[in-house]
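Participant: Here it is: the structure, laid out below.
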């Protein structure tokens, strides 16, 4: 049984971020594993050690402030969850919650710019050869070179929205890690639609059509 | 002198466009503003100026208001749909202005882009400003709806009377500021729901005290009869409210008395009518006159088209990419039909303005609502067909119902031979035409 929580799900859901838990749950079930997804609202208690994977998405700056006030009380719980190998995926500006002047789980500093950063991105990681693709739409920046923070089983990126939908390799990587001590057959997960969609985004002809 | 020259040059550009059969409605204004950036300053505008802004439906609402004013004997200048930036507004003025510097009309009605409102109201002060809605829309350009709210707020002049959707906590937030305000709304009707379906909403918490908002019912997303359990932030009874909607006759009633026949009972259509009704009433037009000018035969509908071929119904629902609200309303409408059905999804271009590859908004659309035994097939067509197919699969809809098509050209045979039930095209506006053409090919 894999337990997933989408925390602050009614506050931080600005850019289709809910797609990530849908993709995880769908493909975990394909392997024969039982899965639960708890959509945890702002203000509800979060019991971190109950979960295998925590997801947190992006929000408006006002909503992110509300989430920040609330999440600070969980700092010790989150540190313990991290050292116990718990998974955490943060998309969009929720990365800002984990840096300096916030939870301080990482030592990056957030600065706010006048202009928003809006762009397609390709991210190279140590996880596998091919690029992780995504889209950024945010005002803050952090003082780190890498576009995805990877530490223990925490993955944080400014990339917004359905990161795991767009990157079946990443979903597969996470699912294999989550299920490594179980009997579930990870080869049963079928990513063929996602893989074709990934290929579409690599197709330059399409970009030319759109640019006409 | 600058005004005179600007007017002269602008009118000449219009004339040149006409001679060359070239039609770019914003260009004369753009050209004149390049030469004279303050051209719009010292102009004598009509006594009555109405502006409409918001994420969806501002073009339709502007047209409805302008046409109704004309029908009630007023002369009106209004901008063409989409020409809603400063240049488009300048073109409208140039087209209508006299060399004396006067716009000799009874009223000026302008559709205004949310982010350009502040540049337009710098020169033209509206008596009335309608704010239809603020939803997630074109995120690469707009950022998010809080940012759009702030941009609109910057553009509201002190003495302007604002008219907003009172069912939407996002637009209700304008009541926290100083302007005179009038609300329109819709009471509970057949498409409203009380159960807490798991959809993505733009606002869940009170903007005054951060308590979670309670709802008696919702029309979609955050829109409905809301109330903060801790403070006074609440829907309250709208000043102009659609109090009943008759599913069979398409007759709607405003404030329990005025009857209007609507073209289609899609929620945004109803809100556009309610918004228009409010302004027309505030302007002083008698209720019976408003009703007759808003009746279906006068109000064109762009959202919905129904066709019948070989005893099967085909319905085109016109949605906007990068705007989940338009899709969610189409999905809610489709889900109300409990008979066997097929849905067709697709788009050609994500945006006409930029080339970003961002389809994240597909996950803000509640396709899960359509996942039942009545849904027989889902056609995913166009360059992004696999992105749509993935979304549909993740909504829990069985993969064997999904049909992948490279595009919608000549898809009539596929509709006929491979699908069942009423066919709903829940389509971006750039895929409406190929859908309709394909349906028309069915003999």
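Residue numbers (the numbering used here), protein chains in the order written: chain C, 653 to 864; chain D, 22 to 464.
Glycine included, C-beta positions come from ideal geometry on N, C-alpha and C.
1) Over the uninterrupted alpha helix (DSSP H) stretch that includes residue 328 of chain D, give me the two end residues.
2) How about the segment 742 to 752 of chain C and the segment 654 to 674 of chain C: do they share at least three Cβ pairs that are nearer than 8 Å?
3) Which chain C residues sit within Cβ distance under 7 Å of residue 411 of chain D?
4) Using the DSSP secondary-structure output, state which residues sit across from residue 5 of chain D in a beta bridge.
5) Under 8 Å between C-beta atoms, does residue 762 of chain C make it to chain D?
6) Once DSSP output is grouped into helix, strand and coil, what is the label at residue 22 of chain D?
7) Under 9 Å Cβ-Cβ, which residues of chain C neighbour residue 288 of chain D?
8) Any contact of the segment 238 to 256 of chain D with the segment 205 to 215 of chain D, i.e. 3+ C-beta pairs under 8 Å?
9) Leaving out five residues before and five after residue 681 of chain C in sequence, what residues of the same chain have Cβ atoms less than 6 Å from its Cβ?
10) Under 7 Å Cβ-Cβ, which residues of chain D neighbour residue 813 of chain C?
11) Considering only the beta carbon of each residue, do residue 107 of chain D and residue 54 of chain D sit closer than 8 Å?
12) Anything in the segment 139 to 170 of chain D with a Cβ closer than 9 Å to a Cβ of chain C? List those residues in chain order, please.
13) Is the beta carbon of residue 260 of chain D less than 8 Å from the beta carbon of residue 203 of chain D?
14) Exposed or buried, what is residue 653 of chain C when buried is set at 16 or more other beta-carbons lying within 10 Å of its beta-carbon?
15) Alpha carbon to alpha carbon, how far is residue 177 of chain D from residue 333 of chain D?
16) If we define contact as Cβ-Cβ less than 8 Å, is residue 829 of chain C a contact residue for chain D?
17) Whole angstroms is fine: what's the gap from residue 129 of chain D's alpha carbon to residue 83 of chain D's?
18) Please state the DSSP three-state secondary structure of residue 672 of chain C.
19) Starting from residue 248 of chain D, trace the beta strand (DSSP E) in both directions and tell me its first and last residue.
20) Between the Cα of residue 364 of chain D and those of D:425, D:310, D:143, spot the shortest distance and give me the residue it belongs to.
21) Under DSSP, the alpha helix (DSSP H) around residue 716 of chain C begins and ends at which residues?
22) Compute the distance between the beta-carbons of residue 834 of chain C and residue 408 of chain D, then report whether it is under 8 Å.
23) Residues of chain D with CB closer than 8 Å to the CB of residue 694 of chain C, please, in chain order.
24) Start and end of the alpha helix (DSSP H) containing residue 408 of chain D?
25) Pick out the complete alpha helix (DSSP H) segments inside the segment 27 to 103 of chain D, 4 residues or longer, and give them in chain order.
26) List the DSSP bridge partners of residue 473 of chain D.
27) Nearest-angstrom Cα distance between residue 49 of chain D and residue 173 of chain D?
28) If the criterion is Cβ atoms closer than 8 Å, does the pair residue 221 of chain D and residue 385 of chain D meet it?
29) Would you kindly report the start and end of the unbroken alpha helix (DSSP H) that includes residue 170 of chain D?
30) Would DSSP call residue 373 of chain D helix, strand or coil?
31) What residue does the alpha helix (DSSP H) around residue 290 of chain D start on, and which one ends it?
32) Given that residue 221 of chain D touches chain C, what residues does it touch there, using C-beta distances under 7 Å?
33) Below 7 Å on C-beta distance, what does residue 267 of chain D contact in chain C?
34) Can you find a C-beta in chain D that's less than 8 Å from the C-beta of residue 716 of chain C?
35) At what residues does the beta strand (DSSP E) containing residue 124 of chain D begin and finish?
36) Going by beta-carbon coordinates alone, are residue 751 of chain C and residue 794 of chain C separated by less than 8 Å?
Facilitator: Taking the coordinates as given:
1) The count along the second chain starts at 1 and reaches residue 328 of chain D at position 307. Run containing residue 328 of chain D: none in the alpha helix (DSSP H); it sits in the beta strand (DSSP E), 325 to 330.
2) Result yes; three or more Cβ-Cβ pairs closer than 8 Å.
3) Position 390 of the second chain, counted from the start, is the residue given in the question as residue 411 of chain D. Result: 817, 845, 846, 849.
4) The structure shown does not extend to residue 5 of chain D, since chain D spans only 22 to 464, so no value can be given for it.
5) Residue 762 of chain C sits at position 110 when you count from the first residue of the first chain. With 8 Å as the cut-off, residue 762 of chain C does not count as an interface residue toward chain D.
6) Working through the second chain from its first residue, we reach residue 22 of chain D at position 1. Coil.
7) Taking the first residue of the second chain as position 1, residue 288 of chain D is located at position 267. Within 9 Å Cβ-Cβ: nothing; residue 288 of chain D doesn't reach chain C, min ~22 Å.
8) yes
9) Translated into the one-based positions of the first chain, residue 681 of chain C becomes position 29. Hits under 6 Å: 687.
10) The residue labelled residue 813 of chain C in the question sits at position 161 within the first chain. Correct list: 381, 384.
11) For the purposes of this step, residue 107 of chain D is taken as residue 86 along the second chain, with counting starting at 1. For the purposes of this step, residue 54 of chain D is taken as residue 33 along the second chain, with counting starting at 1. In this structure, residue 54 of chain D lies closer than 8 Å to residue 107 of chain D by Cβ.
12) 157, 160, 161, 162, 164, 165, 166, 167, 168
13) For the purposes of this step, residue 260 of chain D is taken as the residue at position 239 of the second chain. For the purposes of this step, residue 203 of chain D is taken as the residue at position 182 of the second chain. Yes, these two residues count as a Cβ contact at 8 Å.
14) Taking the first chain and counting its residues from 1, the one referred to as residue 653 of chain C is at position 1. A residue is called buried once 16 or more other Cβ atoms fall within 10 Å of its Cβ, and residue 653 of chain C, having fewer, is exposed.
15) The residue you call residue 177 of chain D lines up with position 156 of the second chain. The residue you call residue 333 of chain D lines up with position 312 of the second chain. Rounded to whole angstroms, residue 177 of chain D to residue 333 of chain D spans 49 Å at the Cα level.
16) Stepping through the first chain from its first residue, residue 829 of chain C is reached at position 177. With 8 Å as the cut-off, residue 829 of chain C does not count as an interface residue toward chain D.
17) Here residue 129 of chain D refers to the residue found at position 108 when the second chain is read from its first residue. Here residue 83 of chain D refers to the residue found at position 62 when the second chain is read from its first residue. The straight-line gap from Cα to Cα measures roughly 10 Å.
18) Position 20 of the first chain, counted from the first residue, corresponds to residue 672 of chain C. Helix, per DSSP.
19) Here residue 248 of chain D refers to the residue found at position 227 of the second chain. The continuous beta strand (DSSP E) containing residue 248 of chain D extends over residues 244 to 248.
20) If you number the second chain from 1, residue 364 of chain D lands on position 343. Here the closest residue by C-alpha is D:425.
21) Walking along the first chain from the start, residue 716 of chain C turns up at place 64. Residues 713 to 723.
22) The residue you call residue 834 of chain C lines up with position 182 of the first chain. The residue you call residue 408 of chain D lines up with position 387 of the second chain. Going by C-beta atoms, residue 834 of chain C is not nearer than 8 Å to residue 408 of chain D.
23) For the purposes of this step, residue 694 of chain C is taken as the residue at position 42 of the first chain. Those are 225, 226, 233, listed as they occur along chain D.
24) If you number the second chain from 1, residue 408 of chain D lands on position 387. It spans 406 to 415 - the alpha helix (DSSP H) in which residue 408 of chain D sits, taken as one unbroken run.
25) 48 to 56, 79 to 92
26) One cannot answer for residue 473 of chain D here, as it falls past the ends of chain D, which runs 22 to 464.
27) Position 28 of the second chain holds residue 49 of chain D. Position 152 of the second chain holds residue 173 of chain D. Taking the straight line joining both Cα atoms gives about 26 Å.
28) Translated into positions along the second chain, residue 221 of chain D becomes position 200. Translated into positions along the second chain, residue 385 of chain D becomes position 364. Result yes, Cβ atoms of residue 221 of chain D and residue 385 of chain D sit closer than 8 Å.
29) The count along the second chain starts at 1 and reaches residue 170 of chain D at position 149. In this chain, the alpha helix (DSSP H) harbouring residue 170 of chain D covers 166 to 175.
30) Sequence index remark: in the second chain, residue 373 of chain D carries index 352 (1-based). Three-state DSSP puts residue 373 of chain D in coil, outside helix and strand.
31) Taking the second chain and counting its residues from 1, the one referred to as residue 290 of chain D is at position 269. Start and end: 288 to 304.
32) Numbered from 1 along the second chain, position 200 holds the residue referred to as residue 221 of chain D. Within 7 Å Cβ-Cβ: 665, 670.
33) As a first step, residue 267 of chain D must be located in the second chain, where it is residue number 246. Within chain C, no residue comes near residue 267 of chain D; the closest Cβ sits about 34 Å away, beyond 7 Å.
34) Taking the first chain and counting its residues from 1, the one referred to as residue 716 of chain C is at position 64. No - not a single Cβ of chain D is within 8 Å of the one on residue 716 of chain C.
35) For the purposes of this step, residue 124 of chain D is taken as residue 103 along the second chain, with counting starting at 1. Segment: none, residue 124 of chain D is in no beta strand (DSSP E) and carries neither H nor E.
36) As a working note, residue 751 of chain C is residue 99 in the first chain. As a working note, residue 794 of chain C is residue 142 in the first chain. Yes, Cβ-Cβ distance for residue 751 of chain C and residue 794 of chain C is below 8 Å.
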